[in-house]
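J.: Protein chains in written order, with the working numbering: chain A, 16 to 304; chain B, 3 to 283; chain C, 11 to 381.
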Amino acid sequence: MRLATRRRFTAAGILGGPLAWTLVFMFVPYAIMFTYSFYTRQFPTMVPDFQFGNYLALFADPQYYQVLLRTIKIAVLVTIAAVALAYPLAYFLVFKVASARLRTALYVAVIVPLWVSYLLRAYTWKTILGSEGVLNSFLVWTGILDQPTDLFLYNQFAMVLTLTYIFVPFCVMPIYASLEKIPASLKEASKDLGVGPFRTFLAVTLPLSVPGILAGATFTFSLTMGDFVAPFLVGGADGALIATVVQSQFGTALNWPLGSALSMVMLFIVLTIITLSDRLERAGRLDLG
Amino acid sequence: MAVTTDIGVMASAATARRPWRGPRLSAGALGAAAACVAAFLYLPIVVLIVFSFNDNVVTTLPLKEFTWRWYESAFANEDLLRALWNSLYVAAAATLICVAFGVPAAIALDRIDFPGKTIFRRAVLLPLVLPGLITGISMLNLFRVLGLNLSLETVILGHGTALISVVVTQVFARLQRFNRRLEEASNDLGARPLQTFWYVTLPNIKTAIIGSALISFTLSFDEIPVTFFLTGRENTLPMYIYSTLRRGITPEINAIGTIIVVASLVVIFVSVLMLSDKGER
Amino acid sequence: MTDIIELRNLTKSFTGGIVAVNDLTFAVREGEFVTLLGPSGCGKTTTLRLVAGFEEPDAGRIVLGGRDVTDDPPYQRAVNTVFQDYALFPHMTVAQNVGYGLRIGGVARAEITGRVQDTLRMVDLLDKIDAMPNQLSGGQKQRVGLARAIIRRPKVLLLDEPLSALDVKLRESMQVELKHLHQRLGITFVLVTHDQKEALVMSDRVVVMDAGRIVQAGTPGELYDHPATPYVANFIGTSNLIPARVVGAQAGELLAEAGPLRLRAQADGTAHATGARVLLAVRPEKAILLPPGTATSGGASAIEGRVLERFFHGNAVRVSVDIGQAEPFMVDVQLQRALGEADMPGTGAAVLLAIEPGSVNVFADTAGVRA
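#1: What in chain C is Cβ-close to B/Asp-190, meaning under 7 Å?
#2: Quick check on B/Gly-24: does DSSP put it in helix, strand or coil?
#3: Tell me whether B/Ala-34 sits in a helix, a strand or coil according to DSSP, three-state version.
#4: Over what stretch of residues does the beta strand (DSSP E) that includes C/Asn-32 continue unbroken?
#5: Give the DSSP-derived three-state secondary structure of A/Phe-167 in the structure shown.
#6: Name the chain B residues whose beta carbon is nearer than 7 Å to that of C/Phe-99?
#7: Tell me which residue opens and which closes the beta strand (DSSP E) that C/Leu-429 is part of.
#8: Looking at the C-beta of B/Asp-224, does it have a partner C-beta in chain A at a distance below 9 Å?
#9: I'd like to know if the segment 102 to 111 of chain C and the segment 130 to 150 of chain C are in contact, where contact means that at least 3 CB-CB pairs between them fall below 8 Å.
#10: Which one or two residues does DSSP pair with C/Ala-286 in a beta bridge?
#11: Under 7 Å Cβ-Cβ, which residues of chain B neighbour C/Ile-114?
#12: Using the beta-carbon count (16 or more within 10 Å), is B/Cys-38 buried or exposed?
#13: Confirm, please, whether the CB-CB distance from C/Gly-53 to C/Ala-391 is below 9 Å.
#14: So, does the CB of A/Arg-14 fall closer than 9 Å to a CB anywhere in chain B?
#15: Identify, in the order they occur along the chain, each residue of the same chain with its Cβ nearer than 8 Å to the Cβ of A/Gly-227, setting aside the five sequence neighbours on each side.
#16: Got a sec? Which residues, its chain only, sit under 6 Å from A/Gly-145 by beta carbon, not counting five neighbours each side?
#17: Check each residue of the segment 154 to 186 of chain B: if its Cβ is closer than 7 Å to any Cβ of chain C, include it; give the result in chain order.
#18: Which same chain residues end up closer than 8 Å to C/Val-361 when comparing Cβ atoms and leaving out the 5 residues on each side of it in sequence?
#19: For B/Gly-104 and B/Ile-166, which I take to be in contact (beta-carbon distance under 8 Å), what is that distance rounded to the nearest angstrom?
#20: Residues of chain A with a CB under 8 Å from the CB of B/Ser-140: which are they?
#21: Check the C-beta distance from B/Val-101 over to B/Ile-211 and give it rounded, since I have them as a contact under 8 Å.
#22: Checking the sheet assignment: what are the DSSP bridge partners for C/Asp-78?
#23: Compute the distance between the beta-carbons of A/Gln-66 and A/Phe-74, then report whether it is under 9 Å.
#24: Mind checking whether A/Thr-259 and A/Phe-243 have CB atoms under 9 Å apart?
#25: So that I know if they touch, is there some Cβ in chain B lying closer than 9 Å to that of A/Tyr-70?
#26: Between A/Ser-132 and chain B, is the shortest Cβ-Cβ distance under 9 Å, so that the two count as touching?
#27: Please state the DSSP three-state secondary structure of C/Ile-14.
#28: Under a three-way DSSP split, which group does A/Val-131 fall into?
#29: Express the C-alpha separation of C/Pro-67 and C/Val-79 in angstroms, rounding to a whole number.
#30: Residues in its own chain within less than 6 Å of B/Ile-217 by CB, not counting five upstream and five downstream?
#31: Which bits of chain C does B/Pro-205 rub up against, with CB to CB less than 7 Å?
#32: Can you find a CB in chain B that lies within less than 9 Å of the CB of C/Arg-162?
#33: Looking at chain B, is there any beta carbon in it that lies within less than 9 Å of the beta carbon of C/Arg-255?
#34: Check A/Met-61 in the structure and name its three-state DSSP category.
#35: State yes or no: is the beta carbon of A/Ile-95 nearer than 9 Å to at least one beta carbon in chain B?
#36: Any beta carbon of chain A sitting closer than 9 Å to that of B/Tyr-73?
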């Protein structure tokens, strides 16, 4: 069939470039990384090998698994905080702002910071929370504190605060979208049946916005897991996250096999979370018809 | 994937009329909470801008005199200017890659069926949720195997890989809403597939391409995690800032930061408009 | 007249095993206005899309103006399509939409301008030449779609439910306009519709389709007066369908019995054995409503009944009469100056129905009645 053949050539032309790109710059690098994770380090380079020492070190050496646990803790805290802040904001925009024009303006205002310099947004928290920073000088200036405190910066609180700040817009977007999609008739039906506003929220609105919450949480958790900028800027001595450790393996520590193994573990965790959230979302959809 | 968030649809949805106002949770309390979150989002940006004009070496209150001196010293800083130029070069080239490969990828996902499509889709979209660090490290490994020296060009390849997904999601979303009958009508009127693409398809997805390209540009311009592993001797602007931060804060950073933030705000605002229904005509 | 379109054993199925077009063979003559008629899912739109080249047949050939175009893409076929949802290019003005085919064909700019104006004048839309599609009403959009499709003077114009999105009044006036346009242009029109009235009003020939096959093809009059199957009898116009049994035949007539009823029908050439099950079809307007006890003339069958309901249609009244069958018998009475609705028998009144043998169509009752 001439038409079918022609179509196949067109398809190959369109698909060829992107497919080659993902193969060369994603699949091949992951394969190499996977291979390196079994190599043995021989300072300052490495030798081909097939051993699980790099993975075992991760679970045997408290230096590593403690950082991994801390990372997961921070990521969970940030995810909860970001969703908790994003939800009322999205809810307010969708249901309480009467003017469509104003709603659009506010929505754009909320999601625009999402793309504005990550580094600078993290950095400003350093200038705010530091011992010579805005917050301290404000408190001293107003007389609440006698002298600046270093309680604000260089700890896990500062890290959670900064990362939450960065990821709130990530959560607002999908939650907003999921709230927008809820048909008005559903809630009206609930109201008609004499269900109060708060119970309507629990029984109708909240379950239907679960896909949005899941999407936002996935973004936040996964990107927090892999962040090394916030720990560097506002995390203290106990502020190293798993990404910081990985980063140093390819820098000062020069241990590529271990770094590759750690990266593989991170990749695995991220893929697991994506798959889980995908499953949960699909299951949720089925439940809701 | 649960994370293929479509900016355009949401910005459009925001303009849709909705007569229904939702359960009557206290609007006052909710409004106050929303205002707090909004303030939280913009407070640091305001702090950055205010202190870039404050005549004090440290960022402390109370404010002192208004000054341009941090801007002057920033623009007298050769290293900083060089890094700025590098960043512009990297962002422009990476954006070209994103468009050149992202648009065909979106078209392929929208209308071509092929074995392994699901895996391809997941791979293309993965960097949206994948920490940049992993992209950076895996590509560092590739370049080591290939024996390629790290340079701004390797950074460009890294940014391209990490940011293609931005163009793919936005263009794909627009294609999904595009009426395929228009292409049939064009074919029917004698236009070959390429002519149809040029005269009918492209004009209708144009704003999605430009909008997502602008976002890619901004993200590449500000990128750190991928750049960190893939850059050679040359620095991009965020890497320059990142390395000066090791030595402590200088108001110079506030000045250049203010310029970046304001420029990004404008670019992003334009792109969000383009991705919304206003961009669709 | 020569055949402009020949469809030979065309078959097309979609994923999921749905056979949309099933071994279809059919020809359209040059200059004809042919309508493909059927309910949604009967394969009529798929047939049109196969002719246009938007779909590829699984089997069979498509010949256009003597040339086999089965393997040609749409842009190489001398047909143009008017789409149901108009499919106007949203980013182009009316003039650019209409001139698109010429621009693609490399026609000089000055000539395009002139021909666009001429064509828009033809569809009475010259004043909207610089408008954008989203500034037009549904009817205006459809005219632009029409102008865009005819400007290249295709051999065949394909119209895919072009009027279905318009309101009733507009649809009726557009039907007339389309028919006039067909006469003026002399192009072959192939229209797809599910609206039987539209098909009867506009077409030279109607092709009734069901489940991917042609059930019957003929002029509107032929289809109406001599439906080939009960399906056609009920899809085009309405028919009273009465299951009956053949009890005899004489002098070119057939005598059938349905319970207490006896009906005479003109034999249509098909032999029906005595005792065979048949289905009798009578159009509501072909039966004559009379006061009880009236003597019927000639060979008409007389049926007694009782009025169940009356439906006022403005120019006619439809009376539903209980004649002792499972379904009530519908009879239409045309109202005239001297015959108003008040003159119709009321509910419960006894009436007499006279039915000429020539008004009864006889079908072999094989699979039962299909609505």
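Every residue, glycine too, gets a C-beta built ideally from N, C-alpha and C.
T.: According to the structure shown:
#1: Ala-62, Pro-84, Asn-90, Thr-91
#2: Below a pLDDT of 50, predicted positions are generally treated as unreliable, and B/Gly-24, at 48, falls in that range; no measurement from the model is reported.
#3: helix
#4: 28 to 39
#5: coil
#6: Leu-184, Val-202
#7: Missing from the structure shown is residue 429 of chain C; chain C here goes from 11 to 381 and no further.
#8: yes
#9: yes
#10: In DSSP, C/Ala-286 forms no bridge with anything.
#11: Leu-191, Gly-192, Ala-193, Gln-197
#12: exposed
#13: Since the first residue shown for chain C is 11 and the last is 381, residue 391 of chain C is missing from the structure and cannot be characterised.
#14: Nothing in the structure corresponds to residue 14 of chain A, since chain A is present only between 16 and 304.
#15: Ala-105, Pro-189, Ile-190, Tyr-191, Ala-192, Ser-193, Leu-194
#16: Leu-168
#17: Asn-181, Arg-183, Leu-184, Glu-186
#18: Leu-299, Leu-300, Pro-301, Pro-302, Glu-314, Gly-315, Arg-316, Val-317, Val-329, Val-331, Pro-355
#19: 5 Å
#20: Met-41, Pro-44, Tyr-45, Ile-47, Met-48, Ser-278
#21: 6 Å
#22: C/Val-73
#23: no
#24: yes
#25: no
#26: yes
#27: strand
#28: coil
#29: 11 Å
#30: Val-168, Ser-273
#31: His-101
#32: yes
#33: no
#34: strand
#35: no
#36: no
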